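Each protein sequence line maps, in turn, to chains A and B. In terms of the working numbering, the first sequence opens at residue 1 and continues consecutively. In terms of the working numbering, the second sequence opens at residue 1001 and continues consecutively. Using N, Cα and C, we set each Cβ at its ideal position, and we do this for glycine too. Quick caveat: nothing in here was measured; it's all calculated off a predicted structure. Have a look at the structure below before the remarks.
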Amino acid sequence: MSSIMLPGADGALYQRDHSWHPAANTPGYKSTTFRAPRQPLLAIGATASELTGPTFGHSMLGALDNDLIRNYSQDGTEAIGQRMIVFGQVLDENARAVPNTLVEFWQANAGGRYRHKKEGYLAALDPNFGGCGRTITDENGFYSFRTVKPGAYPWPNGGNDWRPAHIHFSVFGHAFAQRLITQMYFEGDPMIWQCPIVATVPDKAGIDQLIARLDRHNTTPMDSLAYRFDIVLRGRRSTMFENKLEGN
Amino acid sequence: MLHPVPTLRETPSQTAGPYVHIGMTPNFAEIRGIYDADPGLAMLTPDTVGERIEIVGRIVDGAGSPVGDAVVEIWQADAAGAFAAPMGPNSNSAPAFSGWGRQPVNGDGVFTFQTIKPGPVAGPDGKPMAPHVSLWIVARGINIGLQTRLYFADETEANAADYVLNRIADPRRRQTLIARREEGALPRYVLDIYLQGDKETVFFDV
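Structure (structure tokens):
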């Protein structure tokens, strides 16, 4: 087999639709002003350097990596807050499952306070809540974790801006060009529609894709609510990755 | 071969925010005990083949201020120009060189990776691309991760023939991707990354 990868060849990724993603410079979110490139991105097509990417074995995971209620417990006490399961499927644009990919997540505690030295919000830290976790999708692309619902918090952007409750997600996929960081919001939260960071997403349907749904069928009775959040990564023109998994 | 029509839209990107370290480098954020070590911190194993180097860069914003809260990931080939093969679902045998690293910047916007110099990888035209390292930068105020590359100043001939560098129309802008070499016990390659302005780094749509 040739290693030549022509643009549009099998294995290439669909072009990313930058009109669907936030622009780099979005003045309502002030921090973008000096951090947005002024020159257009240079389209280079994807080479082997972008079509490959790091992969992670399930053995890297600790037993509590996807349990934020317990993974920072100091003395066995569980984190304070509304208990939830967050789960979903990682798919590509062809609606094919993305198996065995690393998903990382981080969030504030139930009061909206992050465990970070640069965070000075007066809401208290929870001594038994760290706020980070990770998991690897199963063979059908599903992930899940247990946590408490994060609180809203104020931030210095406008004079009175508050972030809606949200959880940050980092997803790898199987190509460095699929790498994605995003934020998950909660169904019904009125603050979603007031947030300058949410508003960087130009299309309402795009914002809707960031809102997790309450899933009554997957709650644990007398224990946890459940929210479903599916994540879509860029699709490929062929099933090259699946072939690779089998050892080419 | 027939290809399916895409049926879903990619999940829109959002900024990683100022507290990205909680999730991506928790030990750096002083959240200890959840992970043994921050992922991607150590790229080298005793079995890694290749010339040990250090990659150092500073990220600067459009006002000339250091970007002190970014996280940088790199992805590169090994010394023979091969990328680490995908790991099996239950693999315990990490490769001698995974090719992936992740580092937070310090308060001055400086990141440092200890890695190896990569070998050349075949480009889309079948000819070898010059040795390079792919970078992905996220931070507060960056709505979608920025992709760029680092090339090596002592690869003059290969750089002149490189597929990607030659797609940059202005030769002066090609220089924004070429790291200078500084000799030392560990050779270091230094590249400053300008997000915006006169010295703006070339960023890619990959």
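According to the Cβ coordinates, are residue i and residue j closer than 7 angstroms?
i: Glu78 (chain A); j: Ile85 (chain A); result: no
i: Ala226 (chain A); j: Asp215 (chain A); result: yes
i: His21 (chain A); j: Ile1144 (chain B); result: yes
i: Asp189 (chain A); j: Pro154 (chain A); result: no
i: Phe87 (chain A); j: Ser49 (chain A); result: no
i: Gln1014 (chain B); j: Thr182 (chain A); result: yes
i: Val148 (chain A); j: Ala110 (chain A); result: yes
i: Phe1152 (chain B); j: Pro1171 (chain B); result: no
i: Leu91 (chain A); j: Ala175 (chain A); result: no
i: Glu1054 (chain B); j: Arg1149 (chain B); result: no
i: Ala1080 (chain B); j: Gly1119 (chain B); result: yes
i: Arg234 (chain A); j: Leu13 (chain A); result: yes
i: Ile167 (chain A); j: Met184 (chain A); result: yes
i: Arg16 (chain A); j: Asp67 (chain A); result: no
i: Phe250 (chain A); j: Phe129 (chain A); result: The structure shown has nothing for residue 250 (chain A), since chain A only spans 1 to 248.
i: Ser1098 (chain B); j: Ala1084 (chain B); result: yes
i: Thr135 (chain A); j: Val98 (chain A); result: no
i: Thr47 (chain A); j: Pro1124 (chain B); result: yes
i: Ser31 (chain A); j: Arg1140 (chain B); result: yes
i: Pro150 (chain A); j: Gln89 (chain A); result: no
i: Thr1218 (chain B); j: Ala1096 (chain B); result: Nothing can be reported for residue 1218 (chain B), as the shown portion of chain B is limited to 1001 through 1206.
Could you give the distance in angstroms between the alpha-carbon of residue i and the alpha-carbon of residue j?
i: Pro1012 (chain B); j: Asn25 (chain A); result: 15 angstroms
i: Ala1082 (chain B); j: Ala124 (chain A); result: 49 angstroms
i: Asn140 (chain A); j: Ala43 (chain A); result: 32 angstroms
i: Ala36 (chain A); j: Arg1181 (chain B); result: 28 angstroms
i: Ala205 (chain A); j: Val1133 (chain B); result: 35 angstroms
i: Tyr114 (chain A); j: Gly1017 (chain B); result: 12 angstroms
i: Val232 (chain A); j: Val1105 (chain B); result: 29 angstroms
i: Ile1022 (chain B); j: Asp1038 (chain B); result: 10 angstroms
i: Trp1075 (chain B); j: Pro156 (chain A); result: 34 angstroms
i: Val1110 (chain B); j: Gly1057 (chain B); result: 5 angstroms
i: Leu1008 (chain B); j: Asp203 (chain A); result: 15 angstroms
i: Gln1208 (chain B); j: Trp1100 (chain B); result: Since the first and last residues shown for chain B are 1001 and 1206, residue 1208 (chain B) lies out of range.
i: Gly1062 (chain B); j: Phe1204 (chain B); result: 18 angstroms
i: Leu180 (chain A); j: Ile1142 (chain B); result: 12 angstroms
i: Leu6 (chain A); j: Ala1158 (chain B); result: The pLDDT assigned to Leu6 (chain A) is 47, lower than 50, so where the model puts this residue is not dependable, and the model offers no usable value.
i: Ala1179 (chain B); j: Thr1045 (chain B); result: 24 angstroms
i: Arg1167 (chain B); j: Leu1146 (chain B); result: 18 angstroms
i: Lys244 (chain A); j: Trp193 (chain A); result: Here Lys244 (chain A) scores only 46 on pLDDT, less than 50, and its place in the model is too uncertain to base an answer on.
i: Val1072 (chain B); j: Val1138 (chain B); result: 7 angstroms
i: Asn71 (chain A); j: Cys132 (chain A); result: 9 angstroms
i: Asp1108 (chain B); j: Met222 (chain A); result: 49 angstroms
i: Glu246 (chain A); j: Thr1201 (chain B); result: Reliability fails at Glu246 (chain A), whose pLDDT of 35 lies under 50, so the model's placement of it is uncertain and the value that follows must be treated cautiously. So the two alpha carbons sit approximately 39 angstroms from each other.
i: Met1087 (chain B); j: Thr55 (chain A); result: 6 angstroms
i: Asp1192 (chain B); j: Asp1198 (chain B); result: 13 angstroms
Give me the DSSP bridge partner(s) of residue i.
i: Phe1204 (chain B); result: A:Leu42 and B:Gln1147
i: Glu1183 (chain B); result: According to DSSP, Glu1183 (chain B) bridges with nothing at all.
i: Arg83 (chain A); result: A:Val148
i: Gln183 (chain A); result: A:His168
i: Arg1188 (chain B); result: B:Glu1054 and B:Glu1182
i: Pro1066 (chain B); result: B:Val1060
i: Phe1152 (chain B); result: B:Ala1179
i: Glu1030 (chain B); result: Glu1030 (chain B) pairs with nothing; no bridge assigned.
Is there at least one Cβ from chain D nearer than 7 angstroms to residue i's Cβ?
i: Gly81 (chain A); result: No chain D appears in the structure shown, which is made up of the protein chains A and B.
Q. What residues in the stretch 170-183 of chain A bring their beta carbon closer than 7 angstroms to a beta carbon of chain B?
A. Ser170, His174, Phe176, Ala177, Arg179, Leu180, Ile181, Thr182 and Gln183
(Q) Against chain B, which members of the stretch 29-48 of chain A pass a CB distance test of less than 7 angstroms? (A) Ser31, Thr32, Phe34, Arg35, Ala36, Pro37, Arg38, Gln39, Leu41, Leu42, Ala43, Ile44, Gly45, Ala46, Thr47 and Ala48
Q.
Quick check on the DSSP output: what are the complete beta strand (DSSP E) runs of length 3 or more inside the stretch 213-242 of chain A, in order along the chain?
A. 225-228 and 231-233
Q: Output, in sequence order along the chain, the residues in the stretch 1123-1148 of chain B whose CB is closer than 8 angstroms to any CB in chain A.
A: Gly1123, Pro1124, Asp1125, Gly1126, Met1129, His1132, Ser1134, Trp1136, Val1138, Ala1139, Arg1140, Gly1141, Ile1142, Asn1143, Ile1144, Gly1145, Leu1146 and Gln1147
(Q) For the stretch 105-125 of chain A, list every residue whose C-beta sits within 7 angstroms of some C-beta in chain B, in sequence order. (A) Phe105, Trp106, Tyr114, Arg115, His116, Lys117, Lys118 and Glu119
Q: Tell me the start and end of each unbroken beta strand (DSSP E) in the stretch 1077-1135 of chain B that is at least 3 residues and wholly inside, in chain order.
A: 1100-1104 and 1110-1116
(Q) Under 9 angstroms, CB to CB, which of the residues in the stretch 187-216 of chain A have a partner in chain B? (A) Ile197, Val198, Thr200, Val201, Pro202, Asp203, Ala205, Gly206, Ile207, Gln209 and Leu210
Q: Taking a Cβ distance cut-off of 9 angstroms, strictly less, list which residues of the stretch 131-144 of chain A are near chain B, in chain order.
A: Gly131, Cys132, Gly133, Arg134, Ile136, Asp138 and Glu139
Q. Using Cβ-Cβ distances below 8 angstroms, what residues of the stretch 1009-1035 of chain B are close to chain A?
A. Arg1009, Glu1010, Thr1011, Pro1012, Ser1013, Gln1014, Thr1015, Ala1016, Gly1017, Pro1018, Tyr1019, Val1020, His1021, Ile1022, Gly1023, Met1024, Pro1026, Ala1029, Glu1030, Ile1031, Gly1033, Ile1034 and Tyr1035
Q. Of all the residues that make up the stretch 67-78 of chain A, which are near chain B by a beta-carbon distance shorter than 7 angstroms?
A. Asn71 and Tyr72
Q: Go through the stretch 118-163 of chain A residue by residue and report every complete run of the beta strand (DSSP E) that reaches 3 residues or more, in order.
A: 132-136, 142-148, 153-155 and 161-163
Q.
For a minimum of 3 consecutive residues, which ranges assigned as the beta strand (DSSP E) are wholly contained in the stretch 54-107 of chain A?
A. 83-92 and 102-106
Q. Using Cβ-Cβ distances below 8 angstroms, what residues of the stretch 1046-1075 of chain B are close to chain A?
A. Asp1061, Gly1062, Ala1063, Ser1065, Val1067, Asp1069, Glu1073 and Trp1075
**Q.** Cβ-based contacts, 7 angstroms cut-off: residues of the stretch 151-168 of chain A near chain B
**A.** His168
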